[in-house]
Structures are given as C-alpha cells and as structure tokens.
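Protein chains in written order, with the numbering used here: chain L, 427 to 536; chain R, 3 to 114. Just so it is clear, CB atoms sit at the ideal spot from N, CA and C, and this is done for glycine as well. Everything on this sheet refers to the single structure shown next.
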Amino acid sequence: EDQVTQSPEALRLQEGESSSLNCSYTVSGLRGLFWYRQDPGKGPEFLFTLYSAGEEKEKERLKATLTKKESFLHITAPKPEDSATYLCAAVSGGYNKLIFGAGTRLAVHP
Amino acid sequence: ETGVTQSPTHLIKTRGQQVTLRCSSQSGHNTVSWYQQALGQGPQFIFQYYREEENGRGNFPPRFSGLQFPNYSSELNVNALELDDSALYLCASSTGQEETQYFGPGTRLLVL
C-alpha cells in the first residue's frame, strides 16, 4: 500500500537555527513528490514539486531534495513567519491523487 | 493566493443531515479533486473529476458524491452525516497535463 511518513511530528526552532524535515515514501511508480505549507485553518499552499532522485529546488530559505526513498525540506536561518505545518505528498499511479503525510508542525521562536 | 474558492467557509450540521459544499476552480483548470482533513492529520483523497466525469475515488463510502459542471466548478455532497465527518474539506484544481494541485481555503464542517 502506498504510504508517506513525515518526521518529526513537531519541531521547535530558535530564529536562525537551521534544520531539516523528513518525508519518507513507499509508493509504486512515483510520478512526483510535493511539498506544501499550511497555516492554521487554511488550505495548503504549494511550495515545490520534485520528479526524480537527485533533484533539488529552492525558494527563499527553503530547499527541497529528493532521493529514491526520501525527501528533505531544509530550512536555513528560519524566521518566525516560517512557522506553519509542512505537508509532503506523493503522486503515483494512473491519475493525479495526492497521498499526504501527517505533516510536521514547525514553530520558530524569536 | 490561488484562484480556487470554496463556500461556505464554515458549516454546522446535525447527524443524519445532508450537506453540499462548493468549489470554483482556478481559471483554465479542468480537473478538481476533493480531500478531507481531520484535525492534526494530512488531507485524505475523496475523489477526482476530470471534464465532468469521476476520474478516481479514495476509500470513502458512496454517501460521499460529487459533481463537476461545464464551467469546471464542483460540488461535494455528503448524505446521512456522521460525527466523524467533522473535518476541513478541501478542493484542489489542476490541469489535465500537470500534477500540481492548487488548493482552496477549505470548508470547516462540524457535525453535532
């Protein structure tokens, strides 16, 4: 069965303290690995799509990487406004169905 | 912000009632997917519509049904509401040619 697991469940950082979030996936025929940011009570906001192992994408303080079994979201020198839940999702199979992990709740304190 | 809108933003129903949630897709997107997100969990796929036809379905019972209209707006209908149906319901739109899905703000449903 296709599965996506994220760790840690929650992460507390001081402003400027870099860290990484992990997303491990077990899917047959990965078509894409997605990262979203979700603020409380709102819909997920698209961040990145990765398609093949070795691929990397960056946006401001965030960088996403992909291996054959995992994806990492690296956060460099985070600011309080980076506090949110970060969701990872995989797409496999014949149609565009996102399989989500439970998310990592990130809190960045000044 | 994406161009995906949802209505209503919040809704309170009682067990056994029926509810209809609405979604307007981003301009140019012909595919809509619906997800259910329980508190503290990731979204779970309900179903997807492409050009007004159901294109795929997750592990949800038949009392969850949907429609997509020629203008690509969409509805999610839930009959015989149960307490466990309380959740944030999200719709997401995409084109048929790419996988990236753009989400609306969601409808928060509370079943009492």
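Here's the rule I'm using: 16 or more other beta-carbon atoms within 10 Å means buried, otherwise exposed. How should residue 114 (chain R) be labelled? exposed
Consider the Cβ of residue 106 (chain R): report whether some Cβ of chain L lies at a distance smaller than 7 Å. yes
In the DSSP assignment, the beta strand (DSSP E) including residue 37 (chain R) goes from what residue to what residue? 33-39
Go ahead and pull the three-state DSSP assignment for residue 56 (chain R). strand
Following the continuous beta strand (DSSP E) through residue 496 (chain L), name the residue where it begins and the one where it ends. 496-501
Buried or exposed: where does residue 529 (chain L) fall if 16 or more other Cβ atoms within 10 Å of its Cβ makes it buried? buried
Opening and closing residue of the beta strand (DSSP E) in which residue 76 (chain R) lies: 76-80
Considering only C-alpha positions, which residue in the set R:12, R:33, R:8, R:102 is nearest to residue 110 (chain R)? R:12
Taking C-alpha atoms, which residue in R:108, R:81, R:50 lies nearest to residue 521 (chain L)? R:50
Along chain L, in chain order, which residues have C-beta atoms closer than 8 Å to that of residue 96 (chain R)? 522
Quick one: grab the DSSP three-state call for residue 507 (chain L). helix
Option in R:79, R:24, R:102, R:108 with minimal Cα separation from residue 65 (chain R): R:79
Own chain, CB closer than 7 Å to residue 445 (chain L), minus 5 neighbours either side, in chain order: 437, 439, 501
Taking DSSP's pairing of strands, which residues face residue 525 (chain L) in a bridge? L:516
Does the beta carbon of residue 102 (chain R) sit closer than 7 Å to a beta carbon anywhere in chain L? yes
Boundaries of the beta strand (DSSP E) in which residue 89 (chain R) is found, first to last residue: 89-96
Just the C-alpha distance for residue 461 (chain L) and residue 20 (chain R), rounded to the nearest angstrom, thanks. 33 Å
Cα-Cα separation, residue 527 (chain L) to residue 38 (chain R): 13 Å
Quick check: what's the CA-CA separation for residue 495 (chain L) versus residue 103 (chain R)? 22 Å
Against chain L, with Cβ distances strictly below 7 Å, would residue 92 (chain R) count as a contact? yes
Given this structure, state the Cα-to-Cα distance separating residue 31 (chain R) from residue 97 (chain R), to the nearest angstrom. 5 Å
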